[in-house]
Amino acid sequence: MPRHFVGLDLGTSGIRAVVLDAAGRPVSSMRRNWTADERSGRDPGAWSSAVRVLLGQLAARLPGEPVAIAVDGTSGTLLAVDRDGQPLGPALLYHDTRARAQAARLTTLAPRESAAHGAASSAAKLLWLREQGLLRSAARVLHQAEWICGGLLGRYDLGDANNALKLGYDPAEDRWPDWWLAELGPVADLLPRIVPAGTVVGRIDPALARSTGLHPSSRIVAGTTDSIAGFLATGVDDLHTGVTSLGSTLVLKQWSAQPVFDRDTGVYSHRVLGRWLAGGASNTGGAALAVHFTAGQITELSRRIDPQRDSGLAYYPLPATGERFPIHDPGRPPELSPRPADDAHFLHGLLEGIARIEAAGYAHLARLGTEPPSGIVTVGGGAANPQWTALRMRVSGVPVRRAAHEEAAHGAAMLARRAFIDA
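Structure (structure tokens):
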């Protein structure tokens, strides 16, 4: 059995590796940032080269020792490959919305609870590739993490259930649904065979082991999306704790006893380690704050805020018009009046408004079927603001704490470890 477990995270700024020991303790980490030429993120060759560099560094740090490796990547980043696994063109990135016409068609085909909806979904991208005639030489369509996993294995026939969700996969039925297979016709042959995230799928490709110096008995574990890996990194394991990500947007995730879905507000559930993980994302968050203040200003002004006092301001902070969760209102403008003369008072109202949206988000998830949270764990840049944490605790009425670990690579390593060692 492997004694060390490796998580590879392909992020927007670079690739990171985290190594855990058998007890789950971090023992090493490595990073390679994208060069200026690689920063677009669309070149699969750059991903593969970076992975090889990190695997070589890993082999040097753990000489002669078998490891287990799991990969996470951006959700919805899709590419078509030939029978040898070679990409047939640049990847379509997670935020690419060129497939708007195809997304409109999916609204008439896909059930309301399907994650195939939306112009950025993998399903819409696949229809776009078909209609552009870009699949004639294709043998498979894969997501970023799935393609990297295929390179580690030396074969490109597998996908994981988490990445596959936005490609139309039905996690409740554990299969590609009939409506999707009928729509795709012969193109359905390009869909990968899906296994649960965290499944041991084989040994490392012998040629890759030789070129990197990794032990040939190293195992490959089916990976997941970056957001799920980030959730797993927190170590939250119960139904009553929510995980809030305070990055550029506000993202809520929580384990659920049953799958919950709501197309209107973008709520859907992943099957992860035999359990259901529900989540939703608001357009509020750090981007809404950045419209008004720099990060340094937020830190300085926050020191003047008494988080136990109500600001008296009823704000709904958004970076631009439109909200998706916990309410669906594409025409909703930011609500930021009156604007007090004191910047600290204004920031107080903004932070309080985001805290109210967070509380409303968890209430919406509870209406759909999750448990009301009795505690919240926070990740992202906003987790470092103590005044905001105390304010959120007052608004939510439950304890709020910062996660000890939040890196997606750490979560991917935990996934690899769970394949061999029960948590």
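UniProt numbering applies: residue 1 is where the sequence shown begins, and numbers increase by one. We treat Cβ as the ideally placed atom computed from N, Cα and C, and that holds for glycine.
Annotated as proximal: residue 332 and residue 323, with beta-carbon spacing under 8 angstroms.
In this structure, the CA atom of residue 13 is about 13 angstroms from the CA atom of residue 407.
In its chain, beyond the 5 residues on either side, 3, 4, 215 have a beta carbon closer than 7 angstroms to the beta carbon of residue 65. Rounded to whole angstroms, the Cβ separation of residue 123 and residue 106 is 6 angstroms, and the two are in contact under 8 angstroms. In the structure shown, residue 254 falls within a strand segment according to DSSP collapsed to helix, strand and coil. The DSSP-derived three-state label of residue 307 is coil. Around residue 301, the same chain offers 343, 344, 347 as residues with beta carbons nearer than 6 angstroms, after the five sequence neighbours per side are excluded.
In this structure residue 191 does not touch residue 179 by the C-beta definition: roughly 14 angstroms separates them, more than the 8 angstroms allowed.
Comparing alpha-carbon positions, the option among 337, 39, 235, 254 lying closest to residue 371 turns out to be 254.
Just so you know, the alpha carbons of residue 352 and residue 334 end up roughly 14 angstroms apart. For residue 379, same chain residues with a beta-carbon under 6 angstroms away, outside a window of 5 residues either side, are 245, 403, 406 in chain order. The beta carbon of residue 251 is closer than 6 angstroms to those of 245, 281 in its chain, skipping five residues each way along the sequence. As the crow flies, the alpha-carbon of residue 277 is around 18 angstroms from that of residue 264.
Here residue 118 carries a coil assignment [DSSP, helix/strand/coil]. Taking a C-beta distance under 8 angstroms as the contact criterion, residue 119 and residue 99 qualify as a contact pair. The region 23–43 makes no contact with the region 376–391, as fewer than three CB pairs between them are under 8 angstroms. For residue 291, the number of other beta carbons within 10 angstroms of its own is below 16, and it is reported as exposed.
Residue state for residue 316 is assigned as strand, using DSSP reduced to three classes.
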